[in-house]
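Positions 1 to 396 (UniProt numbering) are the ones given, in order, by the sequence shown.
Structure first, commentary second.
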Amino acid sequence: MAQAEHGSWDDRDIAAFGALMLGGTRHFGVVFFDAQRRITGWSCGAYAITGWSDVETLGQSTSLLFTPEDRARKLDEHEASAATVVGVAEDERWHLRKDGTRFWSSGLTLPLRATPQPGESAFVKVFRDATHLRGRAKTLENLLQEHEQTQQERERFLATIVHEMRNPLSPLKMSVQLLQRQGDGAGHLAEPLRVIGRQVDCLERLVEDLVDLTRVHKGKLAVEYGIVELQAFLREALDTCREAARMRGVALHMVAPTVPIYLEADAGRMQQVVVNLCNNAIKFTQRGGNAWLTATVDQSHVVLTVRDDGRGITADLLPRIFEVFTQAGDSPSGRGAGLGIGLALVKEIVSLHQGSVEVRSAGAGKGSEFVVRIPQHKPNQPNQPARPGAQPEDGP
C-alpha cells in the first residue's frame, strides 16, 4: 500500500486500509475521523473495547472517548494537530467506555489526507486497552518507591546507630586505658580490663564500618591510592585478627609470595577488606579449626583468598551474603547472628578498586572461601609484571 507525497494516501488505498482495519482484530480499536474530528469509521475492536457501536458513534466527535478533564484541556484537538504536524501522535491516557468506566488507552493517531474534503476520513486512531499493563507498571512503580523508602529508612537507621554508639565509646575507651595505666597491686583487674578493651576496639571497628557504609550509600567513600607492599600489608592485617583467633581457638595461616610484590591500592581500605574477611572466618569457625589467608598474582591482578573449615554457607544464603543485614536471623542456614555489615563493606571497597569478590561454599559444615581480585596497578596506569612465588607463614 503506497503512501503518496506529503504524507497523504490516495482514495483507493484509504478504502482498502479502512476495510481491512474496520473488520480486523477485536484486540485493537480503530477509529477514522475527519478534519472536524467527526467519526467516519468505527471498528469491531473499538466496539469490543468501549461498548459503543458504530451506529452510536458515526458522526459524533472523537471527544466522546476523552475524559472530562482531558476535554477541558482540549487534548482531543491536540491529538489531531500533533498528528498533522509531526506525522504521528502517540497517545497513552485514560479514555472512557460507554458505561462511564475508564480504561488506559495506548495507541497512536496518523494523518491520511493532506487536504481532505468535508466528510472524508482525515485521520485514523488505533488504540488498545492497556489497563492491565498500566496496573503492572503502577505496581512496579509502587515497589520501587517502597524500595527507595526502605533504603532511606535504612540509611537513617544506620546514621542513628552510628551516632548513639559513637558517643559513649570515646569516654569508655579512655576509662579503660586510665585503669590499665593505674593498675592495682594484685593485678586481678588486668584480664577483665583487657577483655573490655578488646571489646571496645571491636565496637570501634564496627562503628567505623557503619560510618563507611553510610558514606558508600551517599557516594562519599573515597579511595586514596598509594604504593602498598603486599607481604607487610597482609601481616599487619593478620596481626589485627590474631587476638580474636586466639580467643576463639582458631589457627591462622598465611601463604604469600616469596618476593616483594607491590600494588597500587588504598592500604587502609584494603586492610578493612582483609580484616573483615579474616574476622568473618574466625567468627564462623569452631574451636580447633583453621583459617587461611592466601595471596597470589594472576597476570595484572592480585588475588586474595580467605578460606576456613568452619560452618560453611548454604546455597540459599550465597546470593545474598554481601547484602547488609543478611546474616541476622540466618543461623538455621549455617550462619550465626550478625548484621552482615563487614561483608557488605568488603564488596563496596573492592568495587571502588574496580575489583571483584566472590564467595564459595559446598554447604553447611563444609567451610567457606572468599576470593578478592583487584588490579595490581591503579586503573589506566601501565601494568608491570610481578614475579610470583609463595611460601607458607603459619601462626597460632
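In this text, a Cβ means the ideal position worked out from N, Cα and C, and glycines have one as well.
If you drop the 5 nearest sequence neighbours on each side, which residues of the same chain put their C-beta closer than 7 Å to that of residue i?
i: A159; result: T214
i: L110; result: A83, V88, F123, V124
i: R26; result: C44, G45, A48
i: L172; result: V200
i: T131; result: F103, W104
i: V350; result: V273, S356, V357, V372, I374
i: L108; result: V88, A89, E90, D91, V126
i: I161; result: L210
i: G249; result: R287, G288
Per DSSP, what kind of secondary structure is residue i in: helix, strand or coil?
i: N280; result: helix
i: Y262; result: strand
i: residue 397; result: Nothing can be reported for residue 397: it is not among the residues displayed for the chain, which extend from 1 to 396.
i: I49; result: helix
i: A256; result: strand
i: H188; result: coil
i: P332; result: Residue placement at P332 cannot be trusted, given a pLDDT of 44 that sits under 50; the coordinates are not used to answer.
i: G268; result: helix
i: T296; result: strand
i: T40; result: strand
i: P379; result: coil
i: A362; result: coil
i: Q3; result: Its pLDDT being 41, under 50, Q3 is placed unreliably by the model, and the measurement read from it follows with that caveat. Q3 falls in the coil class under three-state DSSP.
i: A386; result: Unreliable placement is indicated for A386, whose pLDDT of 42 sits below 50; the coordinate value is still reported in the next sentence. In the structure shown, A386 sits in coil (DSSP, three-state: anything other than H, G, I, E or B).
i: A337; result: Note that A337 scores 49 on pLDDT, short of 50, meaning its location in the model is unreliable and no value can be drawn from it.
Return the first residue and the last residue of the alpha helix (DSSP H) that residue i is part of.
i: R181; result: 131-182
i: A245; result: 230-248
i: P375; result: No alpha helix (DSSP H) contains P375, which is instead part of the beta strand (DSSP E) from 368-375.
i: T84; result: 75-86
i: V223; result: Run containing V223: none; DSSP gives neither H nor E here.
i: E69; result: 68-72
i: T57; result: 54-57
Tell me which residues share the same chain as residue i and place their Cβ nearer than 8 Å to its Cβ, disregarding the 5 neighbours each side in the sequence.
i: S333; result: Residue placement at S333 cannot be trusted, given a pLDDT of 42 that sits under 50; the coordinates are not used to answer.
i: Y225; result: E264, A265, D266, K378
i: K347; result: F322, V357
i: V275; result: R205, A237, T240, C241
i: D209; result: Q272, N276, I341, G342, L345
i: E56; result: K98
i: Q177; result: G197
i: N279; result: C241, A244, G342
i: D70; result: D76, R93, W94
When the Cα atoms are used, what is the spatial distance from residue i to residue j?
i: D330; j: R205; result: Only weak support exists for where D330 lies, its pLDDT of 45 falling under 50; the coordinates are left without a value.
i: L193; j: L169; result: 15 Å
i: L293; j: M174; result: 33 Å
i: N380; j: Q354; result: 11 Å
i: G268; j: H163; result: 23 Å
i: A48; j: V211; result: 60 Å
i: L65; j: Q152; result: 42 Å
i: R281; j: R307; result: The question names Arg, but residue 281 in the sequence shown is Ala. Taking the straight line joining both Cα atoms gives about 7 Å.
i: L352; j: V223; result: 7 Å
i: L179; j: H188; result: 12 Å
i: R360; j: R97; result: 57 Å
i: W52; j: Q60; result: 11 Å
i: V303; j: V228; result: 14 Å
i: G29; j: R73; result: 23 Å
i: V297; j: R93; result: 59 Å
i: H95; j: T62; result: 11 Å
i: T139; j: T150; result: 16 Å
Per DSSP, residue i forms a beta bridge with which residues?
i: K125; result: V31, T109
i: K312; result: Going by the sequence as given, residue 312 is Gly instead of Lys. In the DSSP output, where bridge partners are listed per residue, G312 has none listed.
i: R287; result: Partner(s): none; R287 has no beta bridge.
i: V357; result: V372
i: A344; result: Answer by DSSP bridge pairing: none, since A344 is not bridged.
i: L304; result: A295, V372
i: R102; result: L96
Quick one: residues in its chain with C-beta nearer than 6 Å to the C-beta of residue i, no 5 flanking neighbours on either side, listed in chain order?
i: D309; result: G289, N290, G367
i: V371; result: T305, E358
i: residue 405; result: In the structure as shown, the chain begins at 1 and stops at 396. Residue 405 is therefore absent and cannot be evaluated.
i: H217; result: E155
i: N383; result: For N383, the pLDDT reaches just 43, beneath the cut-off of 50, and the residue's location in the model is therefore unreliable, leaving the point undetermined.
i: D54; result: W42
Would you kindly report the start and end of the unbroken beta strand (DSSP E) that includes residue i?
i: S63; result: From DSSP, S63 is part of no beta strand (DSSP E); its letter is neither H nor E.
i: D91; result: 89-96
So with Cβ pairs under 8 Å, would you call residue i a contact of chain C?
i: E369; result: Annotation note: the requested chain C is absent from the structure, which comprises a single protein chain.
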